[in-house]
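This report refers to the structure that appears directly beneath it.
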Amino acid sequence: MTRERWGSYPLVLVGAVVAVAFGVLLDPEWGGFSLGVVLALGAVFRLAGGGLLAVRTRATDTLILGAFGVALMAGSLVLEYPELMPL
């Protein structure tokens with residue numbers, strides 16, 4: 060019997076719950092930023108560790124998670140610091 064590896068998905072799931080709770084209870088901008096960090100870390104762990112997902116490739120998962128993570132971090136920083144908004 061082979062042991063199934065979940066890869067980065069439990070990290071992203073638990074991190075997303077914690078980040079959303081942080082955003083709802085304390086500060087929405089930094090909650091969004093922390094969710095972006097969790098997604099970016101999930102992309103790094105997916106690239107390094109793999110997992111047994113058979114639907115998408117590792118490169119696709121890494122690209123999507125990384126892009127969403129960076130977009131959330133950038134959007135949260137612009138909401139927190141409006142002077143960062145490009146003209």
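Per this note's numbering, the very first residue in the sequence shown carries number 60; after that it's consecutive. We put the CB at the ideal spot given by N, CA and C, even for glycine.
Item to check | Integer-rounded CB distance, given that ALA78 should sit under 8 Å from LEU100 | outcome: That pair is no contact at about 11 Å.
Checklist entry - I think PHE71 touches LEU106, with their Cβ atoms under 8 Å apart; what is that distance to the nearest whole Å? => result For clarity, residue 71 is Val in the given sequence; the question names Phe instead. At roughly 13 Å, the Cβ-Cβ gap does not stay under 8 Å, so VAL71 and LEU106 are not in contact.
Item to check | Whole-angstrom distance between ARG115 and GLU139, CA atom to CA atom | outcome: 34 Å
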